[in-house]
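With the first letter of the sequence shown counted as 1, position 336 gets the number 336 in full-length UniProt numbering; the numbers rise by one all the way through. Backbone N, C-alpha and C define an ideal beta-carbon position, used for all residues, glycine too. Small disclaimer: the values here were computed from a predicted structure and weren't measured.
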Amino acid sequence: MFFSGAENIFCLFQVDKNICATQVKHSFRTEYGKAAPTMVSNYRPISLLPVMSKILEKCVYTQLRDYYQYQNYLTPDQSGFRPNHSTTTALLKVCNDIQAGMEQGNLTGAIFLDFAKAFDTVDHGILLQKLKNSGIGDSTLTWFQSYVSDRSQFVSISDSTSLPLPVTCGVPQCSILGPLLFTIFINDLPKASTVHMYADDTVIYTSKPNLPQLEAVLQEQFTGVEKWISNNKLFLNTDKTVTMLFGTAPKLHKLQTPHLCVGTKSNGTLTTVTSLKYLGMWLDPNLSFGPHIEKLSSKLYPKLGALYRNKSCLSPAVRKQIVQQMLMPAIEYGDVVYAAAPQTHLQKLTTLYNSFCRFVLQCNYMTHHCDMLKELNCPSLDSRRTLHLSNLVFKSFSGKLPPYLNMLLPPAVPSSYNLRSRTSTLLAIPQYKKKMARSSFSYRAPQI
Numbered sequence: 001m002f003f004s005g006a007e008n009i010f011c012l013f014q015v016d017k018n019i020c021a022t023q024v025k026h027s028f029r030t031e032y033g034k035a036a037p038t039m040v041s042n043y044r045p046i047s048l049l050p051v052m053s054k055i056l057e058k059c060v061y062t063q064l065r066d067y068y069q070y071q072n073y074l075t076p077d078q079s080g081f082r083p084n085h086s087t088t089t090a091l092l093k094v095c096n097d098i099q100a101g102m103e104q105g106n107l108t109g110a111i112f113l114d115f116a117k118a119f120d121t122v123d124h125g126i127l128l129q130k131l132k133n134s135g136i137g138d139s140t141l142t143w144f145q146s147y148v149s150d151r152s153q154f155v156s157i158s159d160s161t162s163l164p165l166p167v168t169c170g171v172p173q174c175s176i177l178g179p180l181l182f183t184i185f186i187n188d189l190p191k192a193s194t195v196h197m198y199a200d201d202t203v204i205y206t207s208k209p210n211l212p213q214l215e216a217v218l219q220e221q222f223t224g225v226e227k228w229i230s231n232n233k234l235f236l237n238t239d240k241t242v243t244m245l246f247g248t249a250p251k252l253h254k255l256q257t258p259h260l261c262v263g264t265k266s267n268g269t270l271t272t273v274t275s276l277k278y279l280g281m282w283l284d285p286n287l288s289f290g291p292h293i294e295k296l297s298s299k300l301y302p303k304l305g306a307l308y309r310n311k312s313c314l315s316p317a318v319r320k321q322i323v324q325q326m327l328m329p330a331i332e333y334g335d336v337v338y339a340a341a342p343q344t345h346l347q348k349l350t351t352l353y354n355s356f357c358r359f360v361l362q363c364n365y366m367t368h369h370c371d372m373l374k375e376l377n378c379p380s381l382d383s384r385r386t387l388h389l390s391n392l393v394f395k396s397f398s399g400k401l402p403p404y405l406n407m408l409l410p411p412a413v414p415s416s417y418n419l420r421s422r423t424s425t426l427l428a429i430p431q432y433k434k435k436m437a438r439s440s441f442s443y444r445a446p447q448i
């Protein structure tokens, strides 16, 4: 029975009475602005919940998560808040599918959805019905009903505090249970279309030989998603929901109008963009990752300049620690995704990396990069990327990759004949001919 075996803990929080104590349902909210502080719509609430509430939620979360894992209930196309999943694995999946479409000579169209305050607009009645449909029993469902209902919140800015107001919808942000409940709420979205999700960051994409076919399929899928959004009482920000067209450079150059025409239910048309930041990485129509590397360089060089201006205050050990903990994570994020980018782009990161080494060692520009790497005992960027890709392959053999990536790495079929020049591999290598397809994860990983 669900929740059995933890009665001693749950009795303290009245779970055995199928209610969530009122004392743990009050939240304090502080407003956090993402950009343009003069615009109220850019502010996001952060709930600061009582400690006792989080202890209770952790107990419930563990059992609810294990239940859904045992039932294999959650869609495999959801990468948010799940073990062995990350933004990097989601990026690898989406980019690999686009590159596979390029190998077949297809165009790939994508719609990047932007939900308006998705976590704050979850309808409690629909959420409880979805919990019931997933197999949650009546007594447990009563507890969840108590958990989401009768909540209150107040806002504090500087020395001013508002009166508490009731929360009529949404799951508590910064809570333990909130992300999992939202994942359950949005779990049936893939039944309406072909999507990949990281929490509420959702992309719809498909590949077709020509633009008219592509637009027709995307329009049908988007219409289905709009219907799902309306039925589930969520809100789509159509101003920030955009489309993007992917393909090889020759394929895109043949198009007279290389953009997608996808209409909305309000008789509008979604905007087509040529670059977009998705899960922390800038995508471009050819997946060359040139814009991503350009923006990454322009972001890090000013930081390096600020460090140079304060170098007299920093010891060599502190300089190395700053580079390792503050600058290198930005370069290494998603490096397995863009590892096969053109050398003209990757060389810019190598130059930046060498500048990091010079800052740590305080050596002049005539010092060879090999000498710097040897003195710092640091591998090259190329070696780092190879190591990270090897780690993913190892996780595949260990069963610690998402199923959608494991499917891209099937075992090699033993050959009936053996040649001395033939190199055996444990994983099958796709027979890709185009350069862009050979940049994909499914092609590079088996050759490690």
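By the Cβ-count criterion, Ile293 is buried, with 16 or more other Cβ atoms from all chains shown falling within 10 Å of its own Cβ. Between Leu218 and Val155, the C-beta gap is not smaller than 8 Å, which leaves the two residues out of contact. Looking at the DSSP output, Gln78 bridges to Met197. Assignment of beta-bridge partners to Leu236 by DSSP yields Phe115. Secondary structure at Ser160: strand, using DSSP grouped into helix, strand and coil. Under the three-state reduction of DSSP output, Ser442 falls in the helix class. Per DSSP, reduced to three states, the secondary structure at Pro329 is helical.
Val203 is positioned such that its CB atom lies no closer than 8 Å to that of Val337. A Cβ-Cβ contact shorter than 8 Å links Pro179 with Gly80.
For the set Pro430, Trp143, Glu220, Ile98, the Cα lying nearest the Cα of Leu56 is the one of Trp143. Between the beta-carbon of Thr257 and that of Asn286 there is about 18 Å, and that puts the pair past the 8 Å contact cut. In the structure shown, Leu107 adopts extended strand secondary structure according to DSSP, grouped into three states. The alpha-carbon of Met281 is positioned some 19 Å away from that of Leu405. Counting only residues of its own chain and dropping the five nearest sequence neighbours on each side, Ala116 has a CB closer than 6 Å to the CB of Phe235, Asn237. In the DSSP secondary-structure assignment, Met281 is bridged to Tyr278.
Look at the beta carbons and you see the segment 73-89 touching the segment 165-184: at least three pairs across the two are nearer than 8 Å.
For Met372, no beta strand (DSSP E) encloses it; the enclosing alpha helix (DSSP H) starts and ends at 369-376. Look at Met407 here: in three-state DSSP terms it is coil, with no helix or strand label. Note that the segment 373-382 does not touch the segment 391-399; fewer than 3 beta-carbon pairs, one per stretch, sit closer than 8 Å.
With respect to Lys295, Leu327 sits apart: the two C-beta atoms are not nearer than 8 Å.
By the beta-carbon neighbour count (other beta carbons within 10 angstroms, threshold 16), Leu349 is buried.
Linking Leu260 to Leu211 through their CA atoms gives a straight-line distance of about 8 Å. Counting the other CB atoms within 10 Å of its CB gives Cys357 a total of 16 or more, which places it among the buried residues. The C-alpha of Met197 lies about 46 Å from the C-alpha of Ser312. CA-CA distance, Thr88 to Val122, rounds to 27 Å. Ranking Thr194, Ala437, Asp150, Pro83 by CA distance to the CA of Asp77 puts Thr194 first.
Residue state for Lys400 is assigned as coil, using DSSP reduced to three classes.
For Thr183, no beta strand (DSSP E) encloses it; the enclosing alpha helix (DSSP H) starts and ends at 178-185. Nearest Cα to Val273 within the set Asp239, Ile126, Pro250: Asp239. Ile111 is a Cβ neighbour of Thr241, given a cutoff of 8 Å. With at least 16 other beta carbons inside 10 angstroms of its own, Pro402 counts as buried. For Leu127, the enclosing alpha helix (DSSP H) has its first and last residue at 124-133. Cβ-Cβ separation between Leu107 and Lys208: approximately 6 Å, consistent with a contact (criterion under 8 Å). A check of alpha carbon separations from Gln347 across Gly290, Glu215, Ala317, Thr140 identifies Gly290 as the nearest.
CA-to-CA, the gap between Phe441 and Asn96 works out to about 6 Å.
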